[in-house]
Structure formats: C-alpha cells, structure tokens
Amino acid sequence: MTTDQPATRPGNPRFSSGPCAKPPVFSLDKLSDAPLGRSHRAAVGKAKLKAAIDHTREILGVPEGYRIGIVPASDTGAVEMAMWSLLGARPVTMVAWESFGAGWVTDAVKQLKLDADVRTAPYGQIVDMGAIDYDSDVVFTWNGTTSGVRLPHGDMIPADRQGLTICDATSAAFAMDLPWDKLDVVTFSWQKVMGGEAAHGMLILSPRAVERLESHTPPWPLPKIFRLTKGGKLIEGIFKGETINTPSMLAVEDYLLALDWARSIGGLPALIARCDANAAVIARFCAANDWIANLAEDPATASTTSVCLKFTDPGISDGAAFAKAVAKRLEAEGVAFDIGAYRDAPPGLRIWCGATVETSDLEALMPWIAHAYHAERAALA
Ligand SMILES: Cc1ncc(COP(=O)(O)O)c(C=O)c1O
Numbered sequence: 001m002t003t004d005q006p007a008t009r010p011g012n013p014r015f016s017s018g019p020c021a022k023p024p025v026f027s028l029d030k031l032s033d034a035p036l037g038r039s040h041r042a043a044v045g046k047a048k049l050k051a052a053i054d055h056t057r058e059i060l061g062v063p064e065g066y067r068i069g070i071v072p073a074s075d076t077g078a079v080e081m082a083m084w085s086l087l088g089a090r091p092v093t094m095v096a097w098e099s100f101g102a103g104w105v106t107d108a109v110k111q112l113k114l115d116a117d118v119r120t121a122p123y124g125q126i127v128d129m130g131a132i133d134y135d136s137d138v139v140f141t142w143n144g145t146t147s148g149v150r151l152p153h154g155d156m157i158p159a160d161r162q163g164l165t166i167c168d169a170t171s172a173a174f175a176m177d178l179p180w181d182k183l184d185v186v187t188f189s190w191q192k193v194m195g196g197e198a199a200h201g202m203l204i205l206s207p208r209a210v211e212r213l214e215s216h217t218p219p220w221p222l223p224k225i226f227r228l229t230k231g232g233k234l235i236e237g238i239f240k241g242e243t244i245n246t247p248s249m250l251a252v253e254d255y256l257l258a259l260d261w262a263r264s265i266g267g268l269p270a271l272i273a274r275c276d277a278n279a280a281v282i283a284r285f286c287a288a289n290d291w292i293a294n295l296a297e298d299p300a301t302a303s304t305t306s307v308c309l310k311f312t313d314p315g316i317s318d319g320a321a322f323a324k325a326v327a328k329r330l331e332a333e334g335v336a337f338d339i340g341a342y343r344d345a346p347p348g349l350r351i352w353c354g355a356t357v358e359t360s361d362l363e364a365l366m367p368w369i370a371h372a373y374h375a376e377r378a379a380l381a
C-alpha cells in the first residue's frame with residue numbers, strides 16, 4: 001500500500017535532537033543588543049552573563065544556595081568538569097542506559113581509572129535507580145537522548161544520602177521537573193530544550209557539592225578549564241558570570257532571548273506542557289499504527305523530548321537501511337531534518353519534541369512518516 005502525499009507540511013521541519021530548533025520567536029536581528037566586540041569582563045558583558053544565570057534560576061526554579069555557573073564546552077564540558085573535580089572521595093556508581101551515559105562510564109573507568117560500580121541497561125530499558133547505593137557518588141543521565149528513555153521522577157533518591165548525585169540533564173532541563181533536593185550537580189547545554197547555541201555548558205551545584213569541592217583535592221591533574229577552586233575555596237566569580245575563559249556574547253544574547261521567550265509563554269510549566277503535548281502526538285501515532293513503536297519499553301520512562309521510534313514490521317529485514325531510507329525521504333521532501341536514530345542506537349527514528357518545537361508541526365509530520373513508511377515498504381516488495 002502507498003498513501004497519497006499529505007497535503008500539509010510542518011511549518012518548521014527542524015526536529016534535530018541538537019542543536020535543536022530555535023524558539024518560535026527567534027530571528028537573528030533580535031540579537032542586535034549583543035555587546036559584540038566588547039570585553040566580557042566589561043560591565044555590559046558581565047551584566048549579560050549574570051542575567052543568563054539569574055534568568056536560568058528564575059525559570060528553572062533553582063533553589064537559593066545552589067550555584068549556577070556558565071562553563072566552557074557545552075554540556076560535555078560541564079559534566080566532565082564535575083566528574084574530574086568531585087569524584088574520587090567516595091565509592092562511585094556509574095549509571096548508563098544509552099550512549100551519552102556510556103560515555104561518562106568510560107570517563108570514570110578508563111580515564112579516571114575509578115573502580116566504579118557500573119550499572120547499565122540496554123537501549124529501551126532503564127537501570128533500577130532504586131537499587132543503587134546513594135552513599136556512593138552516583139553519575140547518571142536524566143534523559144537518555146539516544147534511547148528516548150528517561151527517569152520518571154527522583155523519588156528513589158534518598159534526601160539523606162551521603163554521596164553526591166551528578167546528573168547530566170541536558171535533554172531534560174526546561175522540559176521535565178527536576179527535583180533539586182535530590183540532585184547535587186545538574187548540567188545542561190543551551191542548545192537543547194531552549195534552542196540556544198552549543199558553546200557553553202551550565203553547571204549547577206548544591207551546597208553539598210560545593211562542600212565537596214572545598215574539602216577534596218582530586219589525585220589527578222586538572223586543566224585550567226576544569227578548575228572550580230583556588231586555594232581550596234570555590235571560585236565564586238564563576239557563579240556570578242566571571243567565566244573561566246572567553247564566552248561568546250552572541251551565544252549569551254541568544255540564550256537570553258530564549259529565556260525571555262520561556263518567561264513570555266508562562267515559564268517552566270508552559271515549557272513542560274509543550275514537551276508533553278509534543279510527545280503525546282507521537283504516542284498517539286504509535287498507538288494507531290502497528291508498524292512503529294516507541295523504543296522505550298515502559299511508557300512511564302518514555303522521553304518527552306528525544307522520542308525514539310523503531311519499526312516493528314516483521315517484513316523489514318534490514319532495519320537500519322529501512323530507517324535510513326525513511327529519514328532520507330522525509331529530509332528530501334523537506335518535512336523533517338535530522339530524524340535518523342543516533343549512530344550508536346538501534347535503527348529507527350528520533351524526533352525532538354522539546355519546547356521550541358510546535359505541536360502543530362509534529363501533527364503535520366506524522367502523516368508524512370506514514371507516507372514515507374508505506375512508500376519504502378512498497379519499494380521493498
Ligand atoms: C545526554 C547528553 N549528554 C551529553 C551530550 C553532549 O552535549 P554537548 O554536545 O552539548 O556537549 C548530549 C548531546 O546530545 C546529550 O544528549
């Protein structure tokens with residue numbers, strides 16, 4: 001069976017899982033207030049960096065007492081900075097259920113050479129977070145961007161834990177409720193749910209994480225780009241906008257625009273609602289079609305940002321080639337860019353449902369996926 005070409009196209013075909021679609025109000029001319037060609041240490045630059053921190057706190061509801069810093073090298077920079085600076089003082093548990101979490105495991109085991117308790121689950125499943133010893137330091141990813149599997153909540157993390165919880169929340173921040181009392185380190189990049197640029201990472205530290213920084217000296221060398229303390233004391237300036245090295249003021253201005261947009265639509269509850277509505281469009285589509293399914297086995301763990309899909313039609317013998325052909329067809333039609341599954345993930349599609357994506361665009365995309373599936377299926381026959 002083939003289907004007619006759908007009549008409606010998504011207004012914006014950008015469904016990439018990073019860099020993600022810009023906010024709906026974005027245009028380059030709205031960045032004209034960026035203090036370009038000025039020092040980031042001048043009052044004007046410092047004020048912009050501080051505003052990025054303050055507005056992040058406001059929109060995310062980060063508690064007073066938690067530090068928020070802008071650090072180099074996007075989310076990866078923030079996660080590795082935390083791992084290199086904090087780990088080694090206590091036993092370590094490394095948790096992974098997809099590619100990025102697996103990368104942090106490699107960091108801990110192969111680079112830092114820590115004798116970590118490694119807990120993994122295959123793509124589509126999640127590690128039992130209730131069976132972990134939280135008196136160890138625990139490193140995990142809130143939303144596995146490459147498997148579309150996320151933590152449903154943080155209830156299993158004890159409030160009175162002795163260890164630190166270090167959470168890569170790059171595809172969860174601004175999209176999902178993060179229980180701040182259960183998280184000691186939270187990292188993310190502007191390029192994900194806010195549709196910002198990838199230059200810088202955000203590093204959020206609980207008071208207990210700061211205590212660790214000030215009481216623990218890692219046994220390994222720390223490059224300047226990772227150093228959060230000086231003379232055993234936290235470098236407080238980093239958390240007021242005095243960045244370690246030179247930031248892109250254009251990227252900062254762009255992030256400020258995204259934060260303004262977030263505030264204008266109603267802040268975090270509105271951002272979360274947009275992601276939920278977006279993911280629901282795809283859930284309904286999967287429920288209505290027996291040839292496609294969410295990679296997440298338990299709907300409670302299904303991501304509302306990086307939705308990963310697999311083709312379940314038993315008539316498809318080469319799943320990878322099929323999924324690639326579908327993604328290519330959709331790209332060629334100009335209706336969906338960058339929705340092939342991540343290179344290390346099982347074959348399929350990955351459709352970004354973050355807050356900057358319009359629900360109407362996902363609704364318009366679904367018939368195109370059906371169209372492409374049927375066309376490729378017919379070609380197989
Ligand atoms: C869960 C997760 N961690 C880390 C990264 C790396 O982020 P960045 O490239 O912004 O450093 C990504 C990027 O997609 C991700 O999804």
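Be aware that the sequence shown starts at 1, since it is given in the UniProt record's numbering, and climbs by one per residue. We treat Cβ as the ideally placed atom computed from N, Cα and C, and that holds for glycine.
{"query": "Spatial neighbours of residue 277 in its chain, beta-carbon cut-off 6 Å, leaving aside the 5 residues before and after", "result": "359"}
{"query": "Beta-carbon separation (whole angstroms), residue 135 vs residue 161, contact threshold 8 Å", "result": "6 Å"}
{"query": "By C-beta, the residues closer than 6 Å to any heavy atom of ligand 1, given in chain order", "result": "18, 74, 75, 76, 100, 141, 145, 168, 170, 171, 189, 191 and 198"}
{"query": "Bridge partners - residue 119, DSSP secondary structure assignment", "result": "95"}
{"query": "Delimiting residues of the alpha helix (DSSP H) encompassing residue 308", "result": "It is not in any alpha helix (DSSP H) - residue 308 instead sits in the beta strand (DSSP E) that spans 306-311."}
{"query": "Three-way DSSP call (helix, strand, coil) for residue 244 in this model", "result": "coil"}
{"query": "Residue 316 vs residue 327 beta-carbon contact at 8 Å", "result": "no"}
{"query": "Cα-Cα separation, residue 206 to residue 67", "result": "7 Å"}
{"query": "Three-way DSSP call (helix, strand, coil) for residue 350 in this model", "result": "strand"}
{"query": "Own chain, CB closer than 7 Å to residue 342, minus 5 neighbours either side, in chain order", "result": "99, 146 and 350"}
{"query": "CB contact flag (residue 138, residue 118, <8 Å)", "result": "no"}
{"query": "Buried or exposed by the 16-neighbour rule on C-beta atoms within 10 Å, applied to residue 158", "result": "exposed"}
{"query": "Straight-line gap, residue 198 to residue 74 (C-alpha atoms, nearest Å)", "result": "5 Å"}
{"query": "Residue 44, buried or exposed, once every other Cβ within 10 Å from all chains shown has been counted against 16", "result": "exposed"}
{"query": "Straight-line Cα distance separating residue 370 from residue 234", "result": "54 Å"}
{"query": "Cβ pair count under 8 Å reaching 3, the segment 9-16 against the segment 209-224", "result": "no"}
{"query": "Counterpart residues of residue 81 in DSSP-defined beta bridges", "result": "According to DSSP, residue 81 bridges with nothing at all."}
{"query": "Cβ-based burial, residue 376 [other Cβ within 10 Å; buried from 16]", "result": "buried"}
{"query": "Close beta carbons around residue 154, own chain, < 6 Å, minus the five adjacent residues each side", "result": "179 and 182"}
{"query": "Identified DSSP bridge partners for residue 8", "result": "Note: residue 8 sits in no beta bridge, so no partner."}
{"query": "Endpoints, the alpha helix (DSSP H) within which residue 282 is located", "result": "267-288"}
{"query": "Option in 257, 92, 126 and 188 with minimal Cα separation from residue 32", "result": "257"}
{"query": "Where residue 77 falls, given that 16 or more other Cβ within 10 Å makes a residue buried", "result": "buried"}
{"query": "Classification of residue 245 by the beta-carbon crowding that lies within 10 angstroms, buried from 16 upward", "result": "exposed"}
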